[in-house]
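Presented below is the structure to which this report refers.
Residue numbers (the working numbering): 1497 to 1783.
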C-alpha cells in the first residue's frame, strides 16, 4: 500500500504549546523532537509531553525523533515516549545497521507490551554522516520497519567539512545513492533534508521541486510556514494526475488479458511505471 508523505514538520517536544499548532499545520507528518532542540535536563519531561500528545486530535501521522542510538538518552526516549497512536520513530545519525537493529529490537518489545501490532511502528533513519553513507545499503536492509530513508545534509556537511552543505551539486552523489538504494530495496522514495532559512520560502520551493525531480517523496520542515510550500511542490499537477489515471486504466485492461507490458502514448509501461502512477494518485489525494 502506498503511503505518500510529502511534509514532515519538526516541533520541540519540550514546548507543548506548539504541538497542537504543528498538528494543525497541514503537514502529512509531525515529528516531536527529543534530540537537538531539547537540552538534556529537559528530556525526561519532554518524553512525557510526547506521550500526552498521542491523545491529541490530528489528521497527520505522528513521529518522535529520539536521540542517536550511541547516546545514553535513546533507550529512555523509546521507553518513555512510545504508546498507542505513535506512527513512527525517527532515528538520527545512523552510522551502522546495528544501531537500527538495536532500536528495532526495543520497538518489538514495546509493541508487544502496549498491544500494538508487530512492525506497526515505522523506523525512519537519517543518513547524515560519512559512515551512514558508506553503510547505506546495510542500514536500509537492517529491518522491515525501515519503509523510507531520510537525508540530513546539515550534519553530513559538518562531518565532511563542507562549506556549502545545502548546494545540490555538493550533495548530489549522496542524494543519488539514497534514491537508488531506496528504489533497489523496494522502499518508499526518501525524504529530503531541511531548508534552514525559514524566511526563504521561494528558495524552499525551488529546493523542494528539485528534490522531487531527483526522486524524493517529501521534505523535512522546521517551521509551519514551510509546510504549504513543500506540499505544493510534491503534489502532482492535474496533467500528471490525468497521465497516471490513463496509465493505470490501460494497464489494468491489458493485465486482464494476461499482458504486463504495454505502451501508452508511445511510452513503455510495466509494473514499476504503474506503481509510480499509483503513488502519483496517492500524493494527489493528499493535496
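For each residue, glycine too, the CB sits at the ideal point set by N, CA and C.
Being a predicted model, the structure only gives us computed values, none of them experimental.
Residue i, buried or exposed, once every other Cβ within 10 Å from all chains shown has been counted against 16
i: residue 1576; result: buried
i: residue 1676; result: exposed
i: residue 1591; result: buried
i: residue 1497; result: Note that residue 1497 scores 42 on pLDDT, short of 50, meaning its location in the model is unreliable and no value can be drawn from it.
i: residue 1613; result: exposed
i: residue 1719; result: buried
i: residue 1569; result: buried
i: residue 1566; result: exposed
i: residue 1682; result: exposed
i: residue 1628; result: buried
i: residue 1730; result: buried
i: residue 1665; result: exposed
i: residue 1773; result: buried
Run of the alpha helix (DSSP H) containing residue i, from where it starts to where it stops
i: residue 1539; result: 1539-1549
i: residue 1750; result: 1734-1751
i: residue 1604; result: 1593-1610
i: residue 1730; result: 1720-1730
i: residue 1570; result: 1570-1577
i: residue 1513; result: Taken as a continuous stretch (DSSP letters only), residue 1513 belongs to no alpha helix (DSSP H), as it is neither H nor E.
Where residue i falls: helix, strand or coil (DSSP)
i: residue 1700; result: helix
i: residue 1765; result: strand
i: residue 1707; result: helix
i: residue 1497; result: Confidence in residue 1497 is poor, its pLDDT being 42 and thus under 50, which makes the residue's placement too unreliable to answer from.
i: residue 1443; result: With the chain running from 1497 to 1783 in the structure shown, residue 1443 is simply not present.
i: residue 1584; result: strand
i: residue 1651; result: helix
i: residue 1776; result: helix
i: residue 1716; result: strand
i: residue 1675; result: helix
i: residue 1770; result: helix
i: residue 1758; result: strand
i: residue 1642; result: coil
i: residue 1523; result: coil
i: residue 1681; result: coil
i: residue 1530; result: coil
Test item: CB-CB of residue i and residue j under 8 angstroms
i: residue 1649; j: residue 1689; result: yes
i: residue 1770; j: residue 1743; result: yes
i: residue 1712; j: residue 1686; result: yes
i: residue 1559; j: residue 1527; result: yes
i: residue 1654; j: residue 1710; result: no
i: residue 1474; j: residue 1674; result: Since the displayed the chain opens at 1497 and closes at 1783, residue 1474 lies outside it and no answer follows.
i: residue 1778; j: residue 1525; result: no
i: residue 1597; j: residue 1639; result: yes
i: residue 1694; j: residue 1669; result: no
i: residue 1754; j: residue 1503; result: no
i: residue 1607; j: residue 1644; result: no
i: residue 1600; j: residue 1625; result: no
i: residue 1564; j: residue 1539; result: no
i: residue 1603; j: residue 1646; result: no
i: residue 1763; j: residue 1732; result: no
i: residue 1551; j: residue 1581; result: yes
Unbroken beta strand (DSSP E) run spanning residue i, endpoints
i: residue 1629; result: Taken as a continuous stretch (DSSP letters only), residue 1629 belongs to no beta strand (DSSP E), being part of the alpha helix (DSSP H) at 1626-1630.
i: residue 1508; result: 1503-1508
i: residue 1561; result: 1557-1561
i: residue 1553; result: Run containing residue 1553: none; DSSP gives neither H nor E here.
i: residue 1617; result: Here residue 1617 belongs to no beta strand (DSSP E), and DSSP marks it neither H nor E.
Residue-level contact to chain D via CB, residue i, 8 angstroms cutoff
i: residue 1652; result: Judged by its chain identifiers, the structure shown contains no chain D, having just a single protein chain.
Any contact between the region 1502-1512 and the region 1531-1543? By contact I mean 3 or more CB pairs, one from each, below 8 angstroms.
yes
For the 8 angstroms Cβ check, are there 3 or more pairs between the region 1746-1760 and the region 1510-1524?
no
Contact the region 1695-1714 vs the region 1625-1636: 3+ CB pairs below 8 angstroms:
no
Touch check for the region 1615-1626 and the region 1578-1588: three-plus C-beta pairs under 8 angstroms?
Judged by Cβ distances under 8 angstroms, the region 1615-1626 makes contact with the region 1578-1588, as three or more pairs qualify.
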